[in-house]
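Below is one structure, written out as structure tokens, with a few remarks after it.
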Amino acid sequence: LVWPVRVQGETSGAEVAAAIAGFGALPVGGPVPRPDVVIVARGGGSIEDLWGFNDEAVVRAAVASPIPVISAVGHETDWTLLDHAADLRAPTPTGAAEMAVPVRAELLAQTGGLARRLGEAERRTLDLRRAELRSAARALPSPEALLAAHRQRLDLAAGRLAPGLLANARDHERRLRLASDRLATQRPDLTLARYRERLRAWGDRLSGRSALLVPEPRDRLAAVSARLGVARATVLREEMNRLERCRERVRVLAERARRAVVVGIDRDRRAVTAQGSLLASLGYRAVLERGYALVRGPGGRPVARAADLVPGEVLALEFADGVRSAVAEGVKPRRRSEPLAQATLFDI
Numbered sequence: 328l329v330w331p332v333r334v335q336g337e338t339s340g341a342e343v344a345a346a347i348a349g350f351g352a353l354p355v356g357g358p359v360p361r362p363d364v365v366i367v368a369r370g371g372g373s374i375e376d377l378w379g380f381n382d383e384a385v386v387r388a389a390v391a392s393p394i395p396v397i398s399a400v401g402h403e404t405d406w407t408l409l410d411h412a413a414d415l416r417a418p419t420p421t422g423a424a425e426m427a428v429p430v431r432a433e434l435l436a437q438t439g440g441l442a443r444r445l446g447e448a449e450r451r452t453l454d455l456r457r458a459e460l461r462s463a464a465r466a467l468p469s470p471e472a473l474l475a476a477h478r479q480r481l482d483l484a485a486g487r488l489a490p491g492l493l494a495n496a497r498d499h500e501r502r503l504r505l506a507s508d509r510l511a512t513q514r515p516d517l518t519l520a521r522y523r524e525r526l527r528a529w530g531d532r533l534s535g536r537s538a539l540l541v542p543e544p545r546d547r548l549a550a551v552s553a554r555l556g557v558a559r560a561t562v563l564r565e566e567m568n569r570l571e572r573c574r575e576r577v578r579v580l581a582e583r584a585r586r587a588v589v590v591g592i593d594r595d596r597r598a599v600t601a602q603g604s605l606l607a608s609l610g611y612r613a614v615l616e617r618g619y620a621l622v623r624g625p626g627g628r629p630v631a632r633a634a635d636l637v638p639g640e641v642l643a644l645e646f647a648d649g650v651r652s653a654v655a656e657g658v659k660p661r662r663r664s665e666p667l668a669q670a671t672l673f674d675i
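In terms of the working numbering, the sequence shown is residues 328 to 675.
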């Protein structure tokens, strides 16, 4: 689209400003297509000839234009205010046309170079971030290191638990033995026997002197007998209470010992179960369960390579659910000393 204007003279500035504003006022999708870029151009001349492009109206119109403006006024050595206000300055009108419509190959090459630079920058950034991540990962302690101290403390506690339980049981056994020995020396039946013997002695002495006793000593003897009976009942009750307390303590200690033994057995059972599961997972039968088979040759030797087989050998194939027999077929493999047959062009 060409908007003809005077490029020199008194009305040049106003016409150029009106042309720039007119292009910017064209509606998008209207009957006159709105241009993508506006080129303000003219040939070379003196400073007086180009003075219309120093007009303030032209400079304001270029700044306010919604469409990019390329200034191509005069030759490369000529400068006007429009060159500073425009979006781009071209040295000549031909240069402005080249800038507005560049070569497609050059654009593709430039775009490809930018894409390569972008890809290299992304790769460098990723490599840098990956290196930083690896450095951070190396600085972080591993899960094994985090759990090592707690695992060691647990092992030490587990190692001290069994001797501690044994020492505790021995201590309670010793205390129980001491209590049993004290109870043996203070048995209620022995105490009652001693009091009974003393009462019998008192009775014998009283029976020998009954004729000589007067009513007052008889009363005193009855009082003493009553006191002895009360004392005997009190002593018997105290001994029975103490015996019951000792029995209760023995029951408590026995229950604690039983629980300790049950806990130890459960712990050992869990350890044995875990070791059994680990052994089963590491055994070759777990591999057989996944669809593999174990080939055994004569004598039960495992066969790992097909080259170790001899045609006609009887093989045993062990599967997950049983063993089956098989016979090796094929040609015996060539030894290293045997020469290779050289093919000729006629064989091809």
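The C-beta atom is built at its ideal place from N, Cα and C for all residues, glycine as well. This structure is a prediction, so every number in the text was calculated from the model and none was measured.
{"Asked": "In chain order, what residues of the same chain lie with their CB nearer than 7 Å to the CB of A613, ignoring the 5 residues before and after it?", "Found": "A607"}
{"Asked": "What does a CB cutoff of less than 6 Å around A620 pick up in its chain, not counting 5 residues either side in sequence?", "Found": "L644, F646"}
{"Asked": "What do you reckon, are the CB atoms on A598 and H499 nearer than 9 Å?", "Found": "no"}
{"Asked": "Please go through the same chain and pick out, in chain order, the residues whose beta-carbon is closer than 6 Å to the beta-carbon of V385, but skip the five residues on each side of it.", "Found": "G340, V343, A344, L409"}
{"Asked": "In this structure, does DSSP put S462 in helix, strand or coil?", "Found": "helix"}
{"Asked": "Closest by CA to L552, which one among R576, E571, R527?", "Found": "Note that residue 552 corresponds to Ser in the displayed sequence, not to Leu. Ranking the options by Cα distance to S552, first place goes to R527."}
{"Asked": "In angstroms, rounded to a whole number, what distance separates the CA positions of W378 and E337?", "Found": "9 Å"}
{"Asked": "Among the residues of its own chain, which have a CB less than 8 Å from the CB of L517, if the five just before and after it don't count?", "Found": "none"}
{"Asked": "What are the complete alpha helix (DSSP H) segments, minimum 4 residues, inside the region 336-391?", "Found": "339-352, 383-391"}
{"Asked": "Is the beta carbon of A587 closer than 9 Å to that of L492?", "Found": "yes"}
{"Asked": "Using the three-state DSSP reduction, which class does E433 fall into: helix, strand or coil?", "Found": "helix"}
{"Asked": "How is S534 classed by DSSP in three states: helix, strand or coil?", "Found": "helix"}
{"Asked": "Taking only three categories from DSSP, how would you classify P420?", "Found": "helix"}
{"Asked": "Starting from the C-beta of G610, find all residues in its chain whose C-beta is less than 7 Å away, skip the five residues before and the five after it, and write them out in chain order.", "Found": "none"}
{"Asked": "Can the beta-carbon of I347 be found less than 9 Å from the beta-carbon of A399?", "Found": "no"}
{"Asked": "Measure the alpha-carbon distance for I366 versus R461 and round it to whole angstroms.", "Found": "55 Å"}
{"Asked": "Using only the alpha-carbon positions, how far apart do W529 and R521 sit?", "Found": "12 Å"}
{"Asked": "Can you name, in chain order, every residue of its own chain whose Cβ lies under 8 Å from the Cβ of L519, other than the five neighbours on each side?", "Found": "R559, L563"}
{"Asked": "Determine the direct distance from the alpha carbon of S507 to that of L555, and round the result to whole angstroms.", "Found": "28 Å"}
{"Asked": "Determine, using beta carbons only, whether L510 and L548 come nearer to each other than 9 Å.", "Found": "no"}
{"Asked": "Do V650 and the ligand ADP come close, with the Cβ less than 8 Å from some heavy atom?", "Found": "This structure lacks the ligand ADP; in fact it carries no ligand of any kind."}
{"Asked": "To the nearest whole angstrom, what separates the beta carbons of S652 and L642, a pair I think is in contact under 8 Å?", "Found": "7 Å"}
{"Asked": "Is L408 close to chain B? Criterion is C-beta to C-beta, closer than 9 Å.", "Found": "The structure shown contains no chain B; it holds only a single protein chain."}
{"Asked": "Rounded to the nearest angstrom, what separates V577 and M567 at their Cα positions?", "Found": "15 Å"}
{"Asked": "Using a Cβ-Cβ cutoff of less than 6 Å, which residues in the same chain neighbour A476 once the five nearest sequence positions on both sides are dropped?", "Found": "none"}
{"Asked": "Who are I397's beta bridge partners in DSSP?", "Found": "I366, L415"}
{"Asked": "Near P418, which residues of its chain fall below 6 Å by C-beta distance, leaving aside the five closest residues on each side in sequence?", "Found": "E403"}
{"Asked": "Within the region 464-537, note down every full alpha helix (DSSP H) run reaching 4 residues or more, in order along the chain.", "Found": "470-512, 515-535"}
{"Asked": "Would you decide whether I374 is buried or exposed? Buried here means 16 or more other CB atoms lie within 10 Å of its CB.", "Found": "exposed"}
{"Asked": "If you count every other CB in all the chains shown that lies within 10 Å of the CB of A550, and 16 or more means buried, which is it?", "Found": "exposed"}
{"Asked": "Sort out for me which residues DSSP pairs P629 with in a bridge.", "Found": "R623"}
{"Asked": "Here's the rule I'm using: 16 or more other beta-carbon atoms within 10 Å means buried, otherwise exposed. How should A634 be labelled?", "Found": "exposed"}
{"Asked": "If you reduce the DSSP assignment to three classes, tell me which class R617 lands in.", "Found": "coil"}
{"Asked": "S652 bridges to which residues according to DSSP?", "Found": "A643"}
{"Asked": "In its own chain, which residues sit with a C-beta less than 8 Å from the C-beta of P629, not counting the 5 before and 5 after it?", "Found": "L621, V622, R623"}
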